[in-house]
Structure formats: C-alpha cells, structure tokens
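Residue numbers (the working numbering): 172 to 363.
Glycine included, each C-beta is placed from N, C-alpha and C at the ideal position.
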C-alpha cells in the first residue's frame with residue numbers, strides 16, 4: 172500500500188501542472204481579447220462624446236441667435252477635443268457646412284456626407300477624407316430651429332453632425348489604452 176499515496180500525490184501534482192500550463196495561456200488569450208475590445212469601445216465612446224458635444228454646441232448657438240432684444244453674441248467658439256488637432260468635427264445644415272473644426276477649416280477639408288446616417292443615434296465608421304483615413308461618427312436629423320418665429324411654423328432643416336479622429340491617431344490611442352490595461356493582467360489573475 173505505500174505505493175498508492177506516492178502515485179496519488181504524483182498524479183495530483185501532474186494534473187495541477189497540466190492545469191496551470193493550459194490555464195495561463197488561455198487566461199492571457201482571453202484577457203488580451205477583452206483588453207482590445209474594451210480599448211476600442213473606450214476610444215469610440217470618446218468619439219461619440221465629442222459628437223454629442225458638437226450637437227450641444229449647435230443647440231446653444233441656435234438658442235443664442237434666437238434671443239430677442241439681446242445683443243447677438245453666441246456661445247464661445249467650440250474648442251472640443253482639447254489641444255489635440257486630430258479631433259475634428261463639422262456641422263452641416265441642408266448640405267451646407269456651417270461650422271467645422273480649425274483643422275478642417277485650415278486644410279479646406281470636409282468630412283464625408285455618407286458618414287451621416289439618418290436617425291437618432293450616431294454611427295461610427297471609417298472613411299477616406301481630405302486629411303487621410305479617419306474614424307468618423309455621424310448622424311443626420313431633421314430639426315426645427317428653436318423659437319422659429321411668432322407662429323412657430325418654420326420648416327425643419329436637415330442637420331448633419333460629424334466628429335472624428337485620424338485612423339493613425341485612433342489606433343495609437345487604442346494601443347496606448349490596451350497597453351495600460353495589459354499591466355493589470357497580474358491583478359486580474361489573482362483570485363478574490
């Protein structure tokens with residue numbers, strides 16, 4: 172009988188080694204995939220946040236223009252995306268560009284009209300632009316200008332909102348975020 176405990180312990184140790192040898196690469200694979208997906212979603216969320224800020228800016232500008240009796244001064248010039256010139260935005264009304272970011276104005280470039288999907292939500296896609304390949308969020312929606320007059324019967328206008336970032340900068344931001352999250356792999360492996 173003294174052979175059984177030795178064999179049982181050896182088998183348990185062998186199974187433990189096999190389990191560790193298989194689980195560590197699987198954990199790293201699943202963790203890497205999750206990190207990549209999370210990084211893409213975070214940067215896409217930032218693009219959508221910028222797009223919503225652009226829409227809010229236009230709503231504020233329209234409200235300033237509609238005030239009666241006050242001097243016509245609008246909200247401060249839209250400075251969204253921080254000092255990073257790669258964040259671009261554009262507002263078009265009935266197909267005519269009314270406002271756009273400094274970089275688009277300086278380069279005399281436009282974001283593609285096909286980026287503006289009709290509907291209540293922004294859609295993100297990749298497009299070729301005058302500034303190169305970009306990841307752009309866009310939407311097109313019919314809006315009635317606020318305080319459109321005494322009878323409130325002004326026709327709606329089709330407004331296109333766009334926001335985006337160069338694809339090279341997008342990929343760099345995704346990779347930067349993913350590398351920061353990968354550093355947490357050891358913490359994720361520790362059972363709580």
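Closer than 7 Å by C-beta to residue i: which residues in its own chain qualify, once you throw out the five before and the five after it? Chain order, please.
{"i": "residue 341", "result": "214 and 306"}
{"i": "residue 315", "result": "325 and 327"}
{"i": "residue 181", "result": "none"}
Nearest to residue i by CA position, among the options, is which residue?
{"i": "residue 299", "options": "335, 270, 328 and 209", "result": "335"}
{"i": "residue 226", "options": "353, 345 and 308", "result": "308"}
{"i": "residue 283", "options": "294, 264 and 333", "result": "333"}
{"i": "residue 223", "options": "236, 180, 310 and 269", "result": "310"}
{"i": "residue 217", "options": "231, 313, 354 and 257", "result": "257"}
{"i": "residue 352", "options": "197, 290, 199 and 206", "result": "206"}
{"i": "residue 268", "options": "294, 229 and 296", "result": "229"}
Looking at the unbroken beta strand (DSSP E) that takes in residue i, where does it start and where does it end?
{"i": "residue 330", "result": "328–337"}
Looking only at its own chain, which residues have a Cβ that is under 6 Å from the Cβ of residue i, when we skip the five neighbours before and after it?
{"i": "residue 347", "result": "none"}
{"i": "residue 177", "result": "none"}
{"i": "residue 210", "result": "345, 348 and 349"}
{"i": "residue 265", "result": "328 and 329"}
{"i": "residue 163", "result": "Nothing in the structure corresponds to residue 163, since the chain is present only between 172 and 363."}
{"i": "residue 263", "result": "331"}
Would you call residue i buried or exposed, if buried means 16 or more other Cβ atoms sit within 10 Å of its Cβ?
{"i": "residue 286", "result": "buried"}
{"i": "residue 191", "result": "exposed"}
{"i": "residue 194", "result": "exposed"}
{"i": "residue 204", "result": "exposed"}
{"i": "residue 331", "result": "buried"}
{"i": "residue 185", "result": "exposed"}
{"i": "residue 368", "result": "Not covered by the structure: residue 368. The range shown for the chain is 172 to 363."}
{"i": "residue 189", "result": "exposed"}
{"i": "residue 277", "result": "exposed"}
{"i": "residue 261", "result": "buried"}
Where does the unbroken alpha helix (DSSP H) through residue i begin, and where does it stop?
{"i": "residue 256", "result": "Counting along the chain, residue 256 falls outside any alpha helix (DSSP H), and DSSP gives it neither H nor E."}
{"i": "residue 286", "result": "Looking at the DSSP string, residue 286 is not in any alpha helix (DSSP H), and its letter there is neither H nor E."}
{"i": "residue 278", "result": "273–278"}
Got a sec? Which residues, its chain only, sit under 8 Å from residue i by beta carbon, not counting five neighbours each side?
{"i": "residue 279", "result": "301"}
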